[in-house]
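Below: the structure, in structure tokens.
Numbering (the UniProt record's numbering), first residue to last: 1 to 146.
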């Protein structure tokens with residue numbers, strides 16, 4: 001295949017890239033021919049280049065490696081864990097709001113009863129916070145292990 005000499009002012013890297021593109025096009029469509037175009041079916045646009053030619057031009061592989069596929073799976077499980085963490089945080093916020101509302105409702109009761117109820121509510125809040133921390137730690141461990 002004849003590669004024309006590069007015009008003046010064009011860097012050597014650009015000329016090498018153009019030569020590689022011409023060689024790749026020749027291997028796909030045959031020497032001296034151009035890529036097929038279907039201007040009528042695509043509204044005037046040329047047909048898209050085949051994937052392997054695009055990969056040859058850009059130097060990017062078309063297929064995922066096993067490591068990349070595992071990483072994609074890990075990303076989806078991390079997103080699931082993040083969603084679960086957000087749901088747990090929402091539930092904890094709702095429980096805290098309910099505890100505060102209960103606290104307000106018991107203000108008119110005698111002091112002893114109010115004090116007992118206050119202690120119960122504080123214990124419930126502490127338990128919820130501990131449970132939430134444990135869940136977050138478990139989710140963090142899951143994401144770290146994956």
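Yeah, the Cβ is synthetic: ideal placement off N, Cα and C, and Gly gets one too.
All figures in this text were calculated on a predicted structure; none of them were measured in a lab.
Beta-carbon proximity check, residue i vs residue j, cutoff 7 Å
| i | j | result |
| --- | --- | --- |
| residue 132 | residue 92 | yes |
| residue 139 | residue 79 | no |
Contacts around residue i, its chain only, beta-carbon distance under 7 Å, and the 5 residues preceding and following it disregarded
| i | result |
| --- | --- |
| residue 125 | 96 and 99 |
| residue 142 | 81 |
| residue 102 | 121 |
Residue i versus the options, residue with shortest Cα-Cα distance
| i | options | result |
| --- | --- | --- |
| residue 94 | 135, 128, 112 and 134 | 128 |
| residue 149 | 136, 145 and 146 | A query on residue 149 cannot be resolved here, the shown segment of the chain reaching from 1 to 146 and no further. |
Neighbourhood of residue i by C-beta distance below 6 Å, restricted to the same chain and skipping five residues each side
| i | result |
| --- | --- |
| residue 41 | Residue confidence for residue 41 is low, a pLDDT of 47 falling below 50, so the modelled location carries little weight; the figure read from the coordinates is stated next. Within the same chain, residue 41 has no close Cβ partners at all. |
| residue 134 | none |
| residue 130 | none |
Just checking, does the stretch 79 to 90 make contact with the stretch 111 to 118 on the three C-beta pairs under 8 Å criterion?
The answer is no - the stretch 111 to 118 does not touch the stretch 79 to 90, with fewer than three Cβ pairs under 8 Å.
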